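S.K.:
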């Protein structure tokens, strides 16, 4: 009779162990979804600022109409992107085009002195920083989920938990090392 109780006790411990693994996977999945929501909030903020930026520079950059149209198209594509993979590609293009506007602004002294433009530039810079922090938090959460679902023995029960994609912005210029020029 004692052997039966030991067997039942071992079975209960084993079931509770797998329940704990399953609950941990659910917590990590929810953490990843929450982290993605934080990125989504910041991306929406960015997308909402872009039309104001385009309007602010439109009168100054009359010869840059193509760039402004490309920014608007990239903004629309980024706003409609679904999930980390699509968003990463779309946001990378949008970020590159926004950077181009700020570089072009250097050629327009009146625009650089415009307080509305300067305020929008500051808001976008602040938003970019928030996106960077949110992206790091999301990628950390996604990695924790992926690790938790792929290690043994969790891999035995994690079939219903899909792998979380990392949010990576693919802009070749971001991967280049800065060139050091010491005037020599």
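In our numbering, the protein residues as written are 18 to 201.
Beta carbons: idealized from backbone N, C-alpha and C, even for Gly.
What you are looking at is a predicted structure, and each value in this text was computed from that prediction instead of being measured.
In angstroms with no decimal places, state the Cα-to-Cα distance between residue 174 and residue 39.
M.R.: Rounded to whole angstroms, residue 174 to residue 39 spans 7 Å at the Cα level.
S.K.: On the criterion of 16 or more Cβ atoms from any shown chain inside 10 Å, does residue 130 qualify as buried, or is it exposed?
M.R.: Classification of residue 130: exposed, given that the 10 Å Cβ count is below 16.
S.K.: So, with DSSP's three-state summary, where would you put residue 74?
M.R.: In the structure shown, residue 74 sits in a helix (DSSP, three-state: H, G or I).
S.K.: Closest by CA to residue 95, which one among 31, 113, 120?
M.R.: Nearest option by C-alpha distance: 113.
S.K.: Within the continuous alpha helix (DSSP H) that includes residue 163, where are the two ends?
M.R.: Here the alpha helix (DSSP H) through residue 163 covers 132-167.
S.K.: I need the boundaries of the alpha helix (DSSP H) containing residue 181, first residue and last residue.
M.R.: Careful: residue 181 lies outside any alpha helix (DSSP H) and carries neither H nor E.
S.K.: For the alpha helix (DSSP H) that contains residue 79, what are its first and last residues?
M.R.: No alpha helix (DSSP H) holds residue 79; DSSP gives it neither H nor E.
S.K.: Which residue from 178, 78, 70 puts its Cα closest to that of residue 123?
M.R.: Of 178, 78, 70, the residue nearest in Cα terms is 78.
S.K.: Which whole-angstrom value is the C-beta distance of residue 104 and residue 60, which I expect to be below 8 Å?
M.R.: Indeed, because the Cβ distance is near 7 Å, the residues count as touching under 8 Å.
S.K.: Excluding the 5 residues flanking residue 125 on each side, which residues of the same chain have their C-beta closer than 6 Å to its C-beta?
M.R.: The answer, listed in chain order, is 77.
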